[in-house]
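If you read the sequence shown in full-length UniProt numbering, its first letter stands for residue 1, the second for the next number, and so on.
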Amino acid sequence: MYDKLVKCFETIRGHTRFQPLVGIVLGSGLGDVMQNVKIEKVIPYWEIEDFPISTVEGHKGQFILGYIEDIPVIIMQGRVHYYEGYDIQEVVLPIRIMRMMGAEYLILTNSAGGVNFSYHPGQIVLVKDHIASFVPNCLRGRNIEKLGIRFPDMGEIYHKKLRHLATQVGKRMGLELEEGIYLQTSGPSFESPAEIRMYRMMGADLVGMSSACEAIAAKHAGMKICCFSCVSNMAAGMTDNELTMEEVSVNSRKIENILSKVIFDLVIEIGKE
1 MYDKLVKCFE TIRGHTRFQP LVGIVLGSGL GDVMQNVKIE KVIPYWEIED
51 FPISTVEGHK GQFILGYIED IPVIIMQGRV HYYEGYDIQE VVLPIRIMRM
101 MGAEYLILTN SAGGVNFSYH PGQIVLVKDH IASFVPNCLR GRNIEKLGIR
151 FPDMGEIYHK KLRHLATQVG KRMGLELEEG IYLQTSGPSF ESPAEIRMYR
201 MMGADLVGMS SACEAIAAKH AGMKICCFSC VSNMAAGMTD NELTMEEVSV
251 NSRKIENILS KVIFDLVIEI GKE
């Protein structure tokens, strides 16, 4: 896997010497969230040797390298998922590449089902912790010492200061960002009502099919992480509605502009650190 990482990294370096400070991952229905970035370079995933390709509709599958004001960022416009058939280490490979390129911070976004009855579609929730026990651990196998230690601490995956900065950014916009616990499943089927009841009993507020494994890889690599979940629907059994990917995309797009402003301002705050 490390050889594959190096090959992907060298291919990117053949395109550009750009060194980002912040990595940003855009989830389902959020592909156009960063329209105001000053773009330096766009690299489609298929131009990177051995790089996993996004196969999900709405995930463009490209890196955008550019600037938010004067802060260098790398944006994944479309991620890859475990349910697409990739090994979990391939799923987190892009995160590790961003770290190898120089990114010290990671901002994750996702569309999630609301498990907490107090949530509503169209709400943005700040992830404070996660449950990743339902997907394989991306650190399984021989440890790559150049990326991180064998047994990394996960006591504070989502950086407390970044969460505070994000909360302050939200308040300036008149947006109260609640904090919640995100649970990752393997997908691609939506969860059953019985599973949702179990997840709620376990303490989950949100459920989705990404992000937690990426956060583990980023934490292993020493990155500071912040994650935003967009409540795209209420989870199975909480309403009479049938769950569809179309509903996820529609509700996520409704809050693109708000989330874009939050991320934009958060990156500026990071640049002041």
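The C-beta atom is built at its ideal place from N, Cα and C for all residues, glycine as well. Note that the structure is a prediction, hence the values are computed from the model and not measured.
| Check | Outcome |
| --- | --- |
| Can you find the residues in the same chain that come closer than 8 Å, C-beta to C-beta, to ARG200, ignoring five residues on each side of it along the sequence? | VAL115, ASN116 |
| In this structure, how does DSSP classify ASP3 when only helix, strand and coil are distinguished? | helix |
| Let me know the secondary structure DSSP gives GLN89 once reduced to three states. | helix |
| Report yes or no: do three or more beta-carbon pairs, one from the stretch 143 to 152 and one from the stretch 68 to 82, lie closer than 8 Å? | no |
| What does the Cβ neighbour count give for ALA194, buried or exposed, with the cut at 16 atoms within 10 Å? | exposed |
| Curious, which full-length alpha helix (DSSP H) runs of at least 4 residues does the stretch 131 to 204 contain? | 160 to 172, 193 to 202 |
| What's the call for SER189, buried or exposed, on a 16-neighbour Cβ count within 10 Å? | exposed |
| Using DSSP with H/G/I as helix, E/B as strand and the rest coil, what is LYS219? | helix |
| Strictly by DSSP, which residues pair up with TYR67? | LYS38, PRO72 |
| Following a CB-centred definition, is TRP46 positioned closer than 7 Å to any heavy atom of the ligand HEM? | In terms of ligand content, the structure shown is empty, and the ligand HEM therefore cannot be addressed. |
| When the Cα atoms are used, what is the spatial distance from ILE71 to MET34? | 14 Å |
| Whose C-alpha, out of LEU93, ARG17, TYR67, GLU90, is nearest the C-alpha of SER271? | The residue asked about is misnamed: residue 271 is Gly in this sequence, not Ser. Here the closest residue by C-alpha is TYR67. |
| Going by C-alpha distance, which of ILE97, ILE39, ILE88, ILE268 is nearest GLU49? | ILE97 |
| According to DSSP, is PHE117 helix, strand or coil? | coil |
| By DSSP, does ASP241 sit in helix, in strand, or in coil? | According to the sequence displayed, residue 241 carries Asn and not Asp. ASN241 falls in the coil class under three-state DSSP. |
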